[in-house]
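Engineer: The opening residue of the sequence shown carries number 948 in this note's numbering; numbering runs sequentially from there.
We put the CB at the ideal spot given by N, CA and C, even for glycine.
Quick caveat: nothing in here was measured; it's all calculated off a predicted structure.
This is the structure I want to talk about, given as structure tokens.
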Amino acid sequence: MSAKLTFQTHLSEPSPPWSGLLILPRGSSATAIVKAPAGFLMRTIEGKKCRTSSSLFDEFSQVLSFPDYFGHNWDALEECLADLEWLPAKGYILLITDAHAVLPDDEEEYETLLEILNDAGEAWSKGQTADGRSAPFHAVFAVTEQDKATRPRWELEEFHSAEQKRSQRNPLLTRSAISKRKPTKK
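What follows is the structure, encoded as structure tokens:
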């Protein structure tokens, strides 16, 4: 992601990285930080419902309203993510909450998921829409700093939100720090 683009601006562009890791500031929720630009479709995938490939296929199918012909396998997932004609939008954001829980016991399948998401992002960036225009497609894997440590290799570039940057500049401005501050005596 270009250093000049903000996190939100990047999500509105059809450029890589198409998948990234968002470390949530303490006390924040992914849905409060990640906002879909106007005309975009954002869907939340619950990582805790994606512990196995079978449960991952079920979650993606339900959340993205896959057609009845969805085959519940990697090839079918790739095909549906590269189509999405039943969900017309200017762009797509998949917000994956509790990302540490996605395929935690199968690194090979996790890497397959990343490859499919990146392939979908690349396909959409090259004119995958019905009218041949490019469209942004991004997957945001959201975790807390503590949960980030549960997976040894994420294989994802880190996205940095504006809220995250503010809290890094001044740790006293995080919500949890503000709520724990004691009033000063005059």
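Any idea what DSSP makes of T1097, helix, strand or coil?
Structural biologist: As a working note, residue 1097 is residue 150 in the sequence shown. Note: T1097 maps to coil in three-state DSSP.
Engineer: Mind pulling the beta strand (DSSP E) runs of 3 or more residues that sit fully within the region 1052-1084?
Structural biologist: Within the region 1052-1084, no complete beta strand (DSSP E) run reaches 3 residues.
Engineer: Going straight from the alpha carbon of F1039 to that of L1103, what length do you get?
Structural biologist: Counted from its first residue, the sequence shown places residue 1039 at position 92. Counted from its first residue, the sequence shown places residue 1103 at position 156. Looking at the sequence itself, residue 1039 is Tyr, so the reference to Phe does not match. Roughly 18 Å between the two C-alpha positions.
Engineer: When DSSP labels each residue in this structure, what does P1046 get in the three-state scheme?
Structural biologist: The residue labelled residue 1046 in the question sits at position 99 within the sequence shown. Residue identity differs from the one stated: residue 1046 is Ala in this sequence, not Pro. Helix, per DSSP.
Engineer: Identify whether T953 lies in helix, strand or coil by the three-state DSSP scheme.
Structural biologist: Translated into positions along the sequence shown, residue 953 becomes position 6. The answer is coil: DSSP assigns T953 none of H, G, I, E or B.
Engineer: Once you ignore the five residues that flank E1026 on each side, which residues in its own chain have a CB closer than 6 Å to its CB?
Structural biologist: Taking the sequence shown and counting its residues from 1, one reaches residue 1026 at position 79. Same-chain partners within the cutoff: there are none.
Engineer: In the DSSP assignment, find the alpha helix (DSSP H) that holds E1032 and state where it starts and stops.
Structural biologist: Counted from its first residue, the sequence shown places residue 1032 at position 85. Run containing E1032: none; DSSP gives neither H nor E here.
Engineer: Please confirm whether G1068 and S959 have their CB atoms less than 8 Å apart.
Structural biologist: Here the question's residue 1068 lines up with position 121 in the sequence shown. Here the question's residue 959 lines up with position 12 in the sequence shown. Going by C-beta atoms, G1068 is not nearer than 8 Å to S959.
Engineer: What residues in its chain sit with their C-beta under 7 Å from that of A1029, if we drop five residues either side in the sequence?
Structural biologist: Counting from one through the sequence shown, the residue named residue 1029 turns up at place 82. So the qualifying residues of the chain are A1067, A1070 and Q1075.
Engineer: Kindly give me the distance between the Cβ atoms of S962 and S1108, rounded to whole angstroms, as I take these residues to be in contact under 8 Å.
Structural biologist: For this step, residue 962 is matched to residue 15 along the sequence shown. For this step, residue 1108 is matched to residue 161 along the sequence shown. Not quite, the Cβ-Cβ distance comes to about 18 Å (not below 8 Å), so this is no contact.
Engineer: To which residues does DSSP link R990 through a beta bridge?
Structural biologist: Within the sequence shown, numbered from 1, the residue matching residue 990 stands at position 43. DSSP, once it has assigned bridges, lists L1041 as partnering R990.
Engineer: Less than 8 Å between CB atoms is the rule here; does W1071 satisfy it with respect to chain D?
Structural biologist: Within the model displayed, chain D is absent; a lone protein chain is all it includes.
Engineer: For the alpha helix (DSSP H) that S975 lies in, which residues bound it at each end?
Structural biologist: Counting from one through the sequence shown, the residue named residue 975 turns up at place 28. Where S975 is concerned, there is no enclosing alpha helix (DSSP H), given that its DSSP letter is neither H nor E.
Engineer: My guess is that I1063 and W1021 are in contact by the Cβ rule of under 8 Å, so how many angstroms apart are they, rounded?
Structural biologist: Translated into positions along the sequence shown, residue 1063 becomes position 116. Translated into positions along the sequence shown, residue 1021 becomes position 74. At roughly 7 Å, the Cβ-Cβ gap stays under 8 Å, so I1063 and W1021 are in contact.
Engineer: Among A1082, R1098 and A1096, which has the Cα closest to the Cα of L988?
Structural biologist: The residue you call residue 988 lines up with position 41 of the sequence shown. Comparing Cα-Cα distances from L988 to each of A1082, R1098 and A1096, the minimum goes to A1082.
Engineer: Give the range of the alpha helix (DSSP H) segment to which F1004 is assigned.
Structural biologist: Reading the sequence shown from its first residue, position 57 is the one you call residue 1004. That run of the alpha helix (DSSP H) goes S1000 to V1010.
Engineer: Might you give, ordered along the chain, the residues of its own chain that have their beta carbon closer than 7 Å to the beta carbon of P1035, omitting 5 neighbours on each side?
Structural biologist: Translated into positions along the sequence shown, residue 1035 becomes position 88. Contacts found: none.
Engineer: Can you tell me where the alpha helix (DSSP H) holding E1026 begins and where it ends?
Structural biologist: In the sequence shown, the residue the question calls residue 1026 occupies position 79. Per DSSP, E1026 belongs to the alpha helix (DSSP H) from W1021 to L1028.
Engineer: Which residue marks the beginning of the beta strand (DSSP E) containing F1106, and which one marks its end?
Structural biologist: Translated into the one-based positions of the sequence shown, residue 1106 becomes position 159. Segment E1104 to F1106, the beta strand (DSSP E) holding F1106.
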